[in-house]
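Take the sequence shown: its position 105, counting from 1, is numbered 113 in this note's numbering, and each next residue is one higher. Positions of the beta carbon are idealized from the N, C-alpha and C atoms, including for glycine. To keep things clear, I will list the structure first and then write my remarks on it.
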Amino acid sequence: VTYRQLHQRVCQFANGLRKLGIQKGDRVLIYLPMSIEAVVAMQACARIGAIHSVVFGGFSAQSLRDRMNDAGAVMLITSDGQFRGGKSIPLKTIADEAFALGGCECVKNVIVFKRTGGDCNMVAGRDEWLHDLLPGQAETCEPEWVEAEHPLFLLYTSGSTGKPKGVQHSTGGYLLHAILTMKYTFDIKDSDVFWCTADIGWVTGHTYIVYGPLAAGATQIMFEGVPTYPDAGRFWQMIERHKCSIFYTAP
9 VTYRQLHQRV CQFANGLRKL GIQKGDRVLI YLPMSIEAVV AMQACARIGA IHSVVFGGFS
69 AQSLRDRMND AGAVMLITSD GQFRGGKSIP LKTIADEAFA LGGCECVKNV IVFKRTGGDC
129 NMVAGRDEWL HDLLPGQAET CEPEWVEAEH PLFLLYTSGS TGKPKGVQHS TGGYLLHAIL
189 TMKYTFDIKD SDVFWCTADI GWVTGHTYIV YGPLAAGATQ IMFEGVPTYP DAGRFWQMIE
249 RHKCSIFYTA P
């Protein structure tokens with residue numbers, strides 16, 4: 009995907025969000041696999057001043073419900089499923105289970121990205137396929153100008169030490185940190201191919217997949233799956249295939 013193509017896709021998605029009434033300050037929950045669509049969804053929210061909150065695709069229906077309620081999300085962006093370790097995981101079904109638990113009345117719209125082609129229930133008046141929303145949307149979208157302290161996103165702690173806590177990151181300070189670390193910590197150059205193996209459900213994935221590399225104009229890899237499938241050498245095969253020069257992974 010080129011930067012021009014990414015810009016067009018972000019603008020179309022942002023215009024689709026505006027069509028559904030999403031405005032500056034609204035909170036949008038994102039429950040998607042590791043995909044370009046996830047990056048587009050996050051950047052589209054940022055473009056119109058909406059506050060995104062990404063939930064790791066491995067979390068349960070209860071975890072998703074709790075985060076939707078706590079954030080006061082007005083929209084959920086999810087997919088029919090995701091691929092992980094050779095298996096298809098039905099994210100939309102898990103989302104439906106979250107709604108069935110109750111207390112998610114704040115969510116008015118659910119946008120569904122078709123990733124696996126699996127069957128899923130679509131609730132009339134609430135659910136809409138992403139491929140139905142985007143056609144006809146303009147490929148340009150004037151950004152919503154926000155102050156430096158305007159919230160860019162909410163990201164919840166894992167809950168391993170108690171109730172998950174929503175951590176709010178501001179637009180100006182967060183983006184500056186992401187750019188500076190790409191420039192001075194990773195020493196990113198135009199000739200580099202950058203790969204961070206984190207998931208976008210964690211702050212490392214936010215910073216070093218969705219915001220930092222893109223703000224720095226880097227070429228990067230995005231990976232859906234696990235490092236041990238189909239064999240233990242998958243990561244090294246990816247590095248060799250794509251001539252990756254900077255590899256960032258968790259211990």
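Reference residue i, options the options, closest by Cα
| i | options | result |
| --- | --- | --- |
| L141 | Q31, K27, F243, Y256 | K27 |
| A22 | T212, T148, R73, V201 | T148 |
| S87 | G180, P159, Y39 | Y39 |
| W203 | S71, M83, I229 | I229 |
| A49 | Q90, I119, G66 | I119 |
Assigned secondary structure, residue i (DSSP; H/G/I helix, E/B strand, else coil)
| i | result |
| --- | --- |
| W244 | helix |
| V18 | helix |
| M50 | helix |
| K116 | coil |
| Y164 | strand |
| S68 | coil |
| Y256 | strand |
| V211 | helix |
| K191 | helix |
| D200 | coil |
| Q90 | strand |
| Q13 | helix |
| K32 | coil |
First and last residue of the uninterrupted alpha helix (DSSP H) at residue i
| i | result |
| --- | --- |
| P105 | As written in the sequence, residue 105 is Glu, which differs from the Pro given in the question. Element bounds for E105: 99-108. |
| Y179 | The sequence shown places Thr at residue 179, rather than the Tyr named in the question. 179-188 is the extent of the alpha helix (DSSP H) around T179. |
| L222 | 220-223 |
Residues that DSSP places opposite residue i in a beta bridge
| i | result |
| --- | --- |
| K122 | Its beta-bridge partners do not exist; DSSP assigns none. |
| V62 | I38 |
| P159 | S178 |
| K95 | R92 |
Proximal residues to residue i (C-beta, below 7 Å), its chain only, five neighbours per side dropped
| i | result |
| --- | --- |
| K191 | A224 |
| T257 | T205 |
| G57 | K32, G33, E152, V154, H158 |
Delimiting residues of the beta strand (DSSP E) encompassing residue i
| i | result |
| --- | --- |
| D140 | Here D140 belongs to no beta strand (DSSP E); instead the alpha helix (DSSP H) covers 138-141. |
| L84 | 83-87 |
| I229 | 227-229 |
Spatial neighbours of residue i in its chain, beta-carbon cut-off 6 Å, leaving aside the 5 residues before and after
| i | result |
| --- | --- |
| D200 | S253, I254 |
Contact set for residue i: own chain, Cβ-Cβ below 8 Å, skip 5 residues either direction
| i | result |
| --- | --- |
| N77 | G111, C112, C114 |
| F247 | Before going further, note that residue 247 is Ile rather than Phe in the sequence given. Within the same chain, I247 has close Cβ partners W203, F255. |
| S71 | V63, G167, P172 |
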